[in-house]
Amino acid sequence: MKFNHLLPRHLAEGRCKGTDRMHRWKPIGVNATPGDYMSISFVCSHCKARAGNFITIEQYRLHAEKLERECEI
């Protein structure tokens, strides 16, 4: 599953270096932060680039089940 919609536009629509493939971001970690935000770490399935973003608790609740399922080891 692709989670590009949870990243800023420049990352969501970015391309892998050296190819014309669009990044396919997969969550690898979710952490709570002070101030009702969640920090999500992502890795691109194609080029292994890493990125991160902060989302609100409300946004997290909308996607919590899918995020937690993807982050399971």
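Heads up, the sequence shown is in our numbering, so the first residue is 1213 and it goes up one at a time. All C-beta atoms in this analysis are idealised placements derived from N, C-alpha and C, irrespective of residue type, glycine included.
{"query": "Reduced DSSP secondary structure (H/G/I, E/B, other) of Pro-1246", "result": "coil"}
{"query": "For Lys-1238, the three-state DSSP class (helix, strand or coil)", "result": "strand"}
{"query": "Coil, strand or helix - Ile-1285 by DSSP", "result": "Bear in mind that the predicted position of Ile-1285 carries a pLDDT of just 44, short of 50, making it unreliable; the figure below should be weighed with that in mind. Of the three classes helix, strand and coil, the one that applies to Ile-1285 here is coil, per DSSP."}
{"query": "Where the beta strand (DSSP E) through Ala-1263 begins and ends", "result": "1262-1268"}
{"query": "Supposed contact pair Ser-1257 and Arg-1236 - C-beta distance, whole angstroms, cut 8 Å", "result": "4 Å"}
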